[in-house]
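Q: Protein chains in written order, with the working numbering: chain A, -7 to 268; chain B, 37 to 381.
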């Protein structure tokens, strides 16, 4: 956090990388009073990024704390603030408040096999966790990554795939919704691929993030395959303003997604209404 | 609690005028042409409305203003300078606060003073002394006694003024109250026996029979209650209930740009608004009017108690008075419980 709850620090853009046609990745250095300051966070946390004069948006951190250096945010252009971000250049300044939210329970995940399941931009919050796991490879068991998008050019972070495939005991299963020229991987929706893989629960956690329809089927299929609710983890997207449990916007049941989440085990999600 | 003296009603404006030399004084003042009353900054010469009138907006307005600047910014080529706003410039005293409104602050404190602390809110709370006016029960809409509030000597007040004869018995409750009491000494005289007796026997007529309790079983027991159908059919979604509610505290954050600079504000918002949960890409997890009505009552009657141990209602009755359809939270709560009993039977 900055020193004051609603006062951002400065996030100076170091570089911008194209992720897909509508998504850019911003590498930012955090500054306070003109000096670069450290920014420590956990995989799965997020920050409120702002364009001064336009507004703030909650964006998940996609880099990993195991790699010191700029903090990375993948931003899809969907509204006013994200549009203004897409018009920014290296050297420009955003505001940043964070890190916010609980993050993934990395300590409790140690020693487990992990099945990552992501669709589209849903890979952004998982990418930080995947890289965290691979940077601490011996702390975790087998890793399987199922990732899909509608088309090959909509797969985010494609520069990571070869590195991930080359990591010990790690498999990457890519899929697209419909056949496309030059595509040699799987074709089909993410839930179908997960089902086909049929990885047994055993010592395995499933970590899923993607569009609501994907999540719905994935959760059903994992339950049918015998995964316990506490071994299925997801991270939610909600409208947020303050990010610190005051403004009330992301309240669902007795939880606030911004402070009690955004990461939840399915067993916790089942204690609140399904208004997400 | 210590009786520090008796003050004549006719002395009050003079006392507030003297206090305004060193403090920001906030009191119920006449507002508009139709006999309205609102909390406002007292200036010398003003007339205070102390009596059986509830301000249309609750006390929360002086701790969570309807619109509040968070910071200003200015941009140069390589730098963006932020200047955080100053929430209060002087210590403040608010006169004539009612028990319902004071009790609501303790509920909002649960949210705004938990970590990370909201500094602007905290500073306003810390730098404000609250002088309560013992309340007889201002109107038929009042039911604070039903939610465990003492409208005569409410928890959270620093000083209490109890109306007797043509003045007040003044009692101090907290350290802050004692400090203010010392500043009032010049206007106080020793109370007479009958005055003291009248203060001791001062009673409120607030209703104590409104039941806001939720049934056992939490939210899921009443999720499909017909109460939401009924309440949403009568609700036009105007959101006035959230504006006048002493415990509603949701806010929006937005920016304005002026040339190379600008400012960021927060302003009151309402869970009754369709875009409250609408995300930039168009998804809205609470798109139906019925779901939004349910959210408002569930938050007050079920979620808030689960998190903080008390219903988020102080029985002021402003929502029912302001509502175009006169819907009160008590009847919604009753309907919610009926449903549960129906489904059990």
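Glycine included, C-beta positions come from ideal geometry on N, C-alpha and C. Given the structure is predicted, the values throughout are model-derived calculations rather than measurements.
For residue 117(A) versus residue 36(A), is the C-beta spacing smaller than 7 Å?
A: When the beta-carbon positions are compared, residue 117(A) and residue 36(A) come within less than 7 Å of each other.
Q: Mind pulling the chain A residues with CB within less than 8 Å of residue 322(B)?
A: Near residue 322(B) (Cβ distances below 8 Å), the residues of chain A are 267.
Q: Taking the alpha-carbon positions, what's the residue 223(A) to residue 100(A) distance?
A: 11 Å
Q: Got a sec: is the Cβ-Cβ distance from residue -4(A) to anything in chain B below 7 Å?
A: yes
Q: Would you kindly report the start and end of the unbroken alpha helix (DSSP H) that includes residue 54(B)?
A: 48 to 55
Q: Rounding to the nearest angstrom, what Cα-Cα distance links residue 94(A) and residue 254(A) in this structure?
A: Annotation: residue 94(A) to residue 254(A) spans about 7 Å, alpha carbon to alpha carbon.
Q: For the segment 221 to 238 of chain A and the segment 193 to 212 of chain A, state whether three or more C-beta atom pairs, one from each stretch, are separated by less than 8 Å.
A: yes
Q: Please state whether DSSP places residue 158(B) in a helix, a strand or coil.
A: helix
Q: Applying the criterion that 16 or more other CB atoms from any shown protein chain within 10 Å of the CB defines a buried residue, is residue 332(B) buried or exposed?
A: buried
Q: Using the Cβ count rule (16 or more neighbours within 10 Å means buried), how would you classify residue 1(A)?
A: buried
Q: Below 7 Å CB to CB, which residues in the same chain sit around residue 10(A) once its five sequence neighbours on both sides are set aside?
A: 16
Q: Mind pulling the beta strand (DSSP E) runs of 3 or more residues that sit fully within the segment 160 to 227 of chain A?
A: 162 to 168, 196 to 201 and 224 to 227
Q: Go ahead and pull the three-state DSSP assignment for residue 303(B).
A: Residue state, collapsed to three classes: strand.
Q: Run through DSSP, which three-state label would residue 59(A) get?
A: coil
Q: Comparing the C-beta of residue 13(A) with each C-beta of chain B, is any distance below 7 Å?
A: Cβ-Cβ to chain B under 7 Å: no for residue 13(A).
Q: Measure how close the beta-carbons of residue 277(A) and residue 136(A) come, nearest whole angstrom, since I'm counting them as under 8 Å.
A: Chain A is shown only over -7 to 268; residue 277(A) falls outside these bounds and no answer can be derived.
Q: Contact between the segment 344 to 352 of chain B and the segment 265 to 276 of chain B is defined here as three or more beta-carbon pairs at a separation below 8 Å; is this criterion met?
A: no
Q: Is there a Cβ of chain A sitting closer than 7 Å to that of residue 343(B), yes or no?
A: For residue 343(B), the closest Cβ of chain A is nearer than 7 Å.
Q: Answer yes if the segment 239 to 246 of chain B comes into contact with the segment 165 to 179 of chain B, meaning at least three C-beta pairs across the two stretches below 8 Å, and no otherwise.
A: yes
Q: If you draw a straight line from the C-alpha of residue 49(B) to the C-alpha of residue 56(B), how long is it?
A: 10 Å
Q: Check residue 60(B) in the structure and name its three-state DSSP category.
A: Residue 60(B): strand per DSSP, three-state reduction.
Q: Using the Cβ count rule (16 or more neighbours within 10 Å means buried), how would you classify residue 112(A)?
A: So residue 112(A) counts as buried.
Q: Provide the residue span of the alpha helix (DSSP H) that contains residue 121(B), from first to last.
A: Run containing residue 121(B): none; DSSP gives neither H nor E here.
Q: Per DSSP, what are the beta-bridge partners of residue 199(B) in this structure?
A: In DSSP, residue 199(B) forms a bridge with 204(B).
Q: Note down the Cα distance separating residue 65(B) from residue 44(B), rounded to an integer number of angstroms.
A: 19 Å
Q: Quick check: what's the CA-CA separation for residue 248(B) versus residue 341(B)?
A: Rounded to whole angstroms, residue 248(B) to residue 341(B) spans 11 Å at the Cα level.
Q: If I'm right that residue 155(B) touches residue -3(A) with Cβ under 8 Å, what's the distance once you round it to whole angstroms?
A: 6 Å
Q: Ends of the beta strand (DSSP E) at residue 255(A)?
A: Annotation: the continuous beta strand (DSSP E) that includes residue 255(A) extends over 255 to 257.
Q: Could you check if residue 272(B) is buried or exposed, using at least 16 other CB atoms within 10 Å of its CB as the buried criterion?
A: exposed
Q: Which same chain residues, not among the five before or five after residue 69(A), have their C-beta less than 7 Å away from its C-beta?
A: 14, 75 and 78
Q: Could you tell me which chain B residues have their CB closer than 7 Å to the CB of residue 48(A), listed as they occur along the chain?
A: Against residue 48(A), the close residues of chain B are 289, in the order they occur along the chain (beta-carbon pairs closer than 7 Å).
Q: Can you give the beta carbon distance from residue 231(A) to residue 314(B), rounded, assuming they're within the 8 Å contact cut?
A: 7 Å
Q: For residue 28(A), list the residues DSSP reports as bridge partners.
A: 23(A)
Q: To the nearest angstrom, how far is it from the Cα of residue 55(A) to the Cα of residue 65(A)?
A: 7 Å
Q: I'd like to know if the segment 110 to 122 of chain B and the segment 78 to 97 of chain B are in contact, where contact means that at least 3 CB-CB pairs between them fall below 8 Å.
A: no
Q: Counting C-beta neighbours from all protein chains within 10 Å, is the total for residue 97(B) 16 or more, i.e. buried, or is it exposed?
A: buried
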